[in-house]
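Trainee: Shown below is the structure under consideration.
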Amino acid sequence: MANKRMTFLQKLMEFCGMNPERVRLRWVTSAEASEFVHEISQFVEDIRKIGPNPLKTKEAA
Amino acid sequence: MGQKIREYVQGLLSEGKIKGFLGLRQEHGHVMPHLFCDPGDLEHMSLGDKDGPGDARYPLNQILIRVAAVYPHDTFAVLVRGCDERGLRELFKWQQLNEERVIPVGLGCPDELAKACECEKPFPDCLIDGPQGERADSQKVARIDGMDLEGRLAFWLAEFDRCIKCFGCRNVCPMCFCNECSLEEESLVGTGEIPPDNPAFHLTRAVHMVGRCIDCGLCEEACPGDIPLRTLYKKVAEIVREELGYRTGYTVEEKSPFNIIGGS
Chain A
14 MANKRMTFLQ KLMEFCGMNP ERVRLRWVTS AEASEFVHEI SQFVEDIRKI GPNPLKTKEA
74 A
Chain B
3 MGQKIREYVQ GLLSEGKIKG FLGLRQEHGH VMPHLFCDPG DLEHMSLGDK DGPGDARYPL
63 NQILIRVAAV YPHDTFAVLV RGCDERGLRE LFKWQQLNEE RVIPVGLGCP DELAKACECE
123 KPFPDCLIDG PQGERADSQK VARIDGMDLE GRLAFWLAEF DRCIKCFGCR NVCPMCFCNE
183 CSLEEESLVG TGEIPPDNPA FHLTRAVHMV GRCIDCGLCE EACPGDIPLR TLYKKVAEIV
243 REELGYRTGY TVEEKSPFNI IGGS
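Protein sequence lines, in the order shown, are assigned to chains A and B.
So the first sequence is numbered by this note's numbering: it starts at 14 and just counts up by one.
So the second sequence is numbered by this note's numbering: it starts at 3 and just counts up by one.
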């Protein structure tokens, strides 16, 4: 269900002009530290590629 | 159009099956909601326009919830179009109305109206009067789907920025029955500024329309800023249908997907 909610959110974001890759859902247990680090690092890297949030730049302007 | 409805309601009233019929009445050139309790009164009944459903519309189901709360043991009939019937079904499921105490009186919409609404089903199953019109695809959603991300964001922000946060969309909505509204929750939507915190304000409402919005279009009609809310909620309905396989208001049994905690 969480997965479906995420898909819903991503599609809605896309329709409103936001990059759906800005939100991500992953399952990582407390025993998987390296997995957690990997996911977060990857997410940070991907977000950097996407660039600044257009809604933030709107506020600054 | 209208005579069949008049006769049907007259029958219900004179047989004592209902305490009243919630419909529309024309008086001094104005159309307004009216609870008909006397069969003789029905000559002033209106369908929303001169001879069919038209622009003068009210959230009759919302009014019915209030009437039923005062007379919980009585049965009422209510004038419904395709959208209103979908609304009734959801209100039964959300336990806002008792199915056994409501008799829907169905009115089909003319083609012109169905097209203007881009309606999925412009007639109720409980059809008493009016045509069984054809469904129409949404060109408005398709137009936005055809834009790129940047264009869509610019489009929606320009639309949302006309919002004066009058809450008209929420207040007129026949499906907004919560006692506490997330839109008034400061931690979700900031306060003190016009236009409101956008897109948070409108997207919060859009998400809450999952399994509720029955595409009646009253929000868009009520909006003083002409924000295309209906187009936004049509897209919400489309995503829910495609991703979760749920169509709002088409059955009385199936529950809204976001209503089921831990469901699959």
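Where a beta carbon is used, it is the ideal one built from N, C-alpha and C, also for glycine.
Taking the beta carbon of Lys62 (chain A) as the centre, do at least 16 other beta carbons fall within 10 Å, making it buried, or is it exposed?
Mentor: With fewer than 16 Cβ atoms within 10 Å of its Cβ, Lys62 (chain A) is classed as exposed.
Trainee: Is there a Cβ of chain B sitting closer than 7 Å to that of Pro67 (chain A), yes or no?
Mentor: So yes, Pro67 (chain A) belongs to the interface.
Trainee: Throw me the rounded Cβ distance for the Leu81 (chain B) and Val104 (chain B) pair, which I believe falls under 8 Å.
Mentor: At roughly 12 Å, the Cβ-Cβ gap does not stay under 8 Å, so Leu81 (chain B) and Val104 (chain B) are not in contact.
Trainee: Using a beta-carbon distance cut-off of less than 8 Å, what residues from the segment 153-172 of chain B approach chain A?
Mentor: Going along the segment 153-172 of chain B in chain order, one finds Gly153, Arg154, Leu155, Ala156, Phe157, Trp158 and Leu159 with a Cβ nearer than 8 Å to chain A.
Trainee: Buried or exposed, going by whether 16 or more other CB atoms sit within 10 Å of the CB of Pro74 (chain B)?
Mentor: Per the 10 Å Cβ criterion, exposed.
Trainee: Going along the chain, which residues of its own chain have a beta-carbon closer than 6 Å to the beta-carbon of Ser16 (chain B), five neighbours each way excluded?
Mentor: Result list for Ser16 (chain B): Pro41, in chain order.
Trainee: Ignoring anything shorter than 3 residues, give me the beta strand (DSSP E) runs that lie fully in the segment 99-129 of chain B, in order along the chain.
Mentor: Complete beta strand (DSSP E) runs here, min 3: 104-109.
Trainee: Identify each residue in the segment 194-213 of chain B for which the Cβ-Cβ distance to at least one residue of chain A is less than 8 Å, and report them in chain order.
Mentor: So the list reads Pro201, Leu205, Ala208, Val209 and Val212, given in the order they occur along the chain.
Trainee: Are the beta-carbon atoms of Ala70 (chain B) and Val107 (chain B) separated by less than 7 Å?
Mentor: Cβ distance not < 7 Å, so Ala70 (chain B) and Val107 (chain B) don't count as in contact.
Trainee: Can you grab the Cα-Cα spacing for the pair Tyr248 (chain B) / Cys171 (chain B), in whole Å?
Mentor: If you take the alpha carbons of Tyr248 (chain B) and Cys171 (chain B), they lie about 23 Å apart.
Trainee: Distance, Cα to Cα, Asp51 (chain B) vs Asp57 (chain B)?
Mentor: Cα to Cα, the separation comes out at about 7 Å.
Trainee: Can you name the start and end residues of the beta strand (DSSP E) that Glu29 (chain B) belongs to?
Mentor: Unbroken beta strand (DSSP E) run through Glu29 (chain B): Gly22 to Glu29.
Trainee: Measuring CB to CB, does Leu24 (chain B) end up less than 7 Å from Leu93 (chain B)?
Mentor: Against a cut-off of 7 Å, the Cβ pair of Leu93 (chain B) and Leu24 (chain B) comes out as no contact.
Trainee: In chain order, what residues of the same chain lie with their CB nearer than 6 Å to the CB of His204 (chain B), ignoring the 5 residues before and after it?
Mentor: Phe162.
Trainee: Distance, Cα to Cα, Phe38 (chain B) vs Ser48 (chain B)?
Mentor: Taking the straight line from one Cα to the other gives about 11 Å.
Trainee: At the 7 Å Cβ level, is Gly64 (chain A) part of the contact set with chain B, yes or no?
Mentor: Judged by the 7 Å Cβ criterion, Gly64 (chain A) is not in contact with chain B.
Trainee: Within 7 Å of any Cβ in chain A, is that where the Cβ of Glu256 (chain B) sits?
Mentor: Answer no: the Cβ-Cβ gap between Glu256 (chain B) and chain A never drops below 7 Å.
Trainee: Short of 6 Å in beta carbon distance, which residues of its chain neighbour Asn101 (chain B), apart from the five on each side in sequence? Order them along the chain.
Mentor: Here the sequence assigns Glu to residue 101 (chain B), which means Asn is not the residue at that position. So the list reads Phe94, once near-sequence residues are dropped.
Trainee: Using a C-beta to C-beta distance shorter than 7 Å, which residues of chain A count as neighbours of Ile241 (chain B)?
Mentor: The answer, in chain order, is Phe21, Lys24 and Leu25.
Trainee: Closer than 7 Å, CB to CB, is Met28 (chain A) near chain B or not?
Mentor: Checking the sequence, you will find Phe at residue 28 (chain A) rather than Met. Yes, Phe28 (chain A) counts as interfacial toward chain B.
Trainee: Between B:Ala156, B:Glu114 and B:Val212, which lies nearest to Glu245 (chain B) when the distance is taken from Cα to Cα?
Mentor: Here the closest residue by C-alpha is B:Val212.
Trainee: For His32 (chain B) and Glu27 (chain A), I'd like the C-alpha separation in whole angstroms.
Mentor: If you take the alpha carbons of His32 (chain B) and Glu27 (chain A), they lie about 43 Å apart.
Trainee: Find the nearest neighbour of Thr253 (chain B) within the set B:Leu151, B:Arg88, B:Gln12 and B:Pro124, judged by alpha-carbon distance.
Mentor: Of the listed residues, the one whose Cα sits closest to Thr253 (chain B) is B:Arg88.
Trainee: What would DSSP say about Ser43 (chain A), mapped onto helix, strand or coil?
Mentor: DSSP places Ser43 (chain A) in coil when its eight states are reduced to three.
Trainee: Whose Cβ in chain A lies nearer than 9 Å to the Cβ of Leu231 (chain B)?
Mentor: Result: empty, since nearest Cβ-Cβ is about 13 Å, beyond 9 Å.
Trainee: What residues in its chain sit with their C-beta under 6 Å from that of Leu222 (chain B), if we drop five residues either side in the sequence?
Mentor: Here residue 222 (chain B) is Glu; the residue named in the question, Leu, does not match the sequence. Once the five neighbours on either side are set aside, the close Cβ partners of Glu222 (chain B) are Leu231 and Arg232.
Trainee: Taking 6 Å as the limit between beta carbons, can you name the residues of its chain near Pro133 (chain B), skipping five residues before and five after?
Mentor: Here the set comprises Gly110.
Trainee: Strictly below 7 Å CB to CB, what residues from chain A border Val238 (chain B)?
Mentor: In chain order: Leu25.
Trainee: Helix, strand or coil for His75 (chain B) per DSSP?
Mentor: Looking at His75 (chain B) - three-state DSSP - the assignment turns out to be coil, as it is neither helix nor strand.
Trainee: Taking all protein chains shown into account, do 16 or more other C-beta atoms lie within 10 angstroms of the C-beta of Val72 (chain B), making it buried, or fewer, making it exposed?
Mentor: Under this definition Val72 (chain B) is an exposed residue.
Trainee: When we look at the beta-carbon of Gly251 (chain B) and count the other beta-carbons within 10 Å, is it buried (16 or more) or exposed?
Mentor: Buried is the call here.
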